[in-house]
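Let me begin by presenting the structure, written as C-alpha cells, before commenting on it.
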Amino acid sequence: EQILCPLVEEQRARWERKRSRTAKELVETEQKYLEQLDLVTTYFVTILKAKGTLQPAVREGIFGLLESIYCTSQILLLHLERGHLGLGLEGFCQKLELYGHYAENLEQAKKTLQEQVKKNKAFCRFKKLQESRPEFLGWQLEDLLPLPLQRLHHTIRSHENSMQLLRVQKLLKGQKTKVLTPERWYIQEGWLMVVPTKGEEVKRKMFFLFSDILVATKPCHPLHPLNSDKFSCQAIYPLSQCTVDKVFGHTQSQGGLLSLSFPHKTLLLMSSNQEDINNWYLNLTTAIR
Numbered sequence: 001e002q003i004l005c006p007l008v009e010e011q012r013a014r015w016e017r018k019r020s021r022t023a024k025e026l027v028e029t030e031q032k033y034l035e036q037l038d039l040v041t042t043y044f045v046t047i048l049k050a051k052g053t054l055q056p057a058v059r060e061g062i063f064g065l066l067e068s069i070y071c072t073s074q075i076l077l078l079h080l081e082r083g084h085l086g087l088g089l090e091g092f093c094q095k096l097e098l099y100g101h102y103a104e105n106l107e108q109a110k111k112t113l114q115e116q117v118k119k120n121k122a123f124c125r126f127k128k129l130q131e132s133r134p135e136f137l138g139w140q141l142e143d144l145l146p147l148p149l150q151r152l153h154h155t156i157r158s159h160e161n162s163m164q165l166l167r168v169q170k171l172l173k174g175q176k177t178k179v180l181t182p183e184r185w186y187i188q189e190g191w192l193m194v195v196p197t198k199g200e201e202v203k204r205k206m207f208f209l210f211s212d213i214l215v216a217t218k219p220c221h222p223l224h225p226l227n228s229d230k231f232s233c234q235a236i237y238p239l240s241q242c243t244v245d246k247v248f249g250h251t252q253s254q255g256g257l258l259s260l261s262f263p264h265k266t267l268l269l270m271s272s273n274q275e276d277i278n279n280w281y282l283n284l285t286t287a288i289r
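Just so we're aligned: 44 in UniProt numbering is position 44 of the sequence shown, and the numbers increase by one with no gaps anywhere.
Structure, rendered in C-alpha cells:
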C-alpha cells in the first residue's frame, strides 16, 4: 500500500490529532445540549410534578416524552465519552420513535403552554421565576422545547455518515486502511480512468472521496476465496495538500479530464461522462476548501 505523503508518520499524527479534536467537539456539543435539556427536566418537569401547579394531563401535554428523550441522550453521551460512536448511534436509532411522537406533539405543546401562561397565574409566576435563574442564561421555556428535534437532525446525519464509512471500510481488503474516524465525512465513490504521465496504458480504478482524503483502489481478483467482492487500496491522497483543475477537449466535449496536483505527484483522472466528471470536480473542490 502506497501512501503519497512525504512524512507519513507526521501526516498520521496530524490525522490522529484532528480525530481526537473532533471526537472531543462531538462530546462537548452533546454535553451542552444535555445541560439545556436538564434545565427543563430539573427546573420544570420534576418540580411541577412535586408542586402540582399543573394538572398531570396538562403537564404531560406540554412536556410529553422529554424525560425519556433526556435519558436516551444521556446514554448516547456515555458511549461518546468512551469513544464508542457506532455503538452509541445504534442504540440511539432504536429510540427514534420517541422523537417522532415528540415532533407530532410539539405544536400542540406550544399552544398548551401559551394557554397556561395566560390563564394560570401560579404557573406564569413559577415559569418567570425559573427562567430568571442564572443557569438559564436568558433562555425561555419556549426556546428549549424544540431542542430535541434540532439535535435529532444533526445526530441522524452523523449516523448516516457512519453507516457509509462502515460500508466502505468493509469493502476494503485488510485492516491497514482506516476509513472509520469520527471527523471524516463520506462524499462520493465511482470508477475513473487514470491517465499515466508516461506512455503506459490507461487504468480504470475505483475512487472513494472523503472530506479529507481521496482513496484509489483496484478490485481484488474475482476468484479470490475471501476478497472477490472487495477492493485493494493502492494510494491515499491527503486533500489538504491538493489542488484540482478541470481539463477539457480530449474527447470532443464528452466527459472530461481532471488534474489533481499534490506536492510529489500529479494525478490525471478521466471519465467519458460529462455529468460524472462535473460531479467529481465540484465535490473535490468543495472537500479541498
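Virtual Cβ for every residue (Gly too), placed ideally from N, Cα, C.
Buried or exposed by the 16-neighbour rule on C-beta atoms within 10 Å, applied to residue i
| i | result |
| --- | --- |
| Arg-133 | exposed |
| Cys-233 | buried |
| Ala-109 | buried |
| Gly-249 | Its pLDDT being 45, under 50, Gly-249 is placed unreliably in this model, and the value from its coordinates should be taken loosely. By the 10 Å Cβ count, Gly-249 comes out exposed. |
| Asp-143 | exposed |
| Leu-37 | buried |
| Ala-13 | exposed |
| Ala-50 | exposed |
Cβ distance (whole Å) where residue i is taken to contact residue j below 8 angstroms
| i | j | result |
| --- | --- | --- |
| Ile-69 | Tyr-102 | 6 angstroms |
| Leu-260 | Leu-267 | 4 angstroms |
| Ile-47 | Thr-112 | Incorrect: roughly 18 angstroms between the Cβ atoms, too far for contact. |
| Pro-207 | Trp-185 | With the sequence shown as reference, residue 207 is identified as Phe, and Pro is not the correct amino acid for it. Contact flag wrong, Cβ pair sits at about 16 angstroms. |
| Thr-217 | Lys-205 | 6 angstroms |
| Pro-182 | Leu-26 | 6 angstroms |
| Val-194 | Val-202 | 7 angstroms |
| Phe-44 | Leu-129 | The Cβ separation is near 11 angstroms, so there is no contact. |
Collapsed DSSP secondary structure at residue i in the structure displayed
| i | result |
| --- | --- |
| His-250 | Because His-250 carries a pLDDT of 49, less than 50, the predicted location of this residue cannot be relied on, and no value is offered for it. |
| Trp-185 | coil |
| Glu-35 | helix |
| Cys-233 | strand |
| Val-27 | helix |
| Ser-73 | helix |
| Val-195 | strand |
| Pro-222 | coil |
| Arg-59 | helix |
| Val-117 | helix |
| Arg-204 | strand |
| Pro-238 | strand |
| Val-40 | helix |
| Lys-265 | strand |
| Asp-212 | coil |
| Lys-86 | Before going further, note that residue 86 is Gly rather than Lys in the sequence given. Note: Gly-86 maps to helix in three-state DSSP. |
8 angstroms Cβ cutoff met for residue i and residue j
| i | j | result |
| --- | --- | --- |
| His-159 | Leu-89 | yes |
| Val-179 | Leu-165 | yes |
| Pro-146 | Leu-106 | yes |
| Val-58 | Gln-116 | yes |
Three or more C-beta pairs below 8 angstroms linking the region 26-37 and the region 147-160: yes
Okay, do the region 275-287 and the region 236-249 touch, 3+ Cβ pairs below 8 angstroms being the bar? yes
Could you say if the region 50-58 and the region 119-133 meet the contact criterion of at least three C-beta pairs nearer than 8 angstroms? yes
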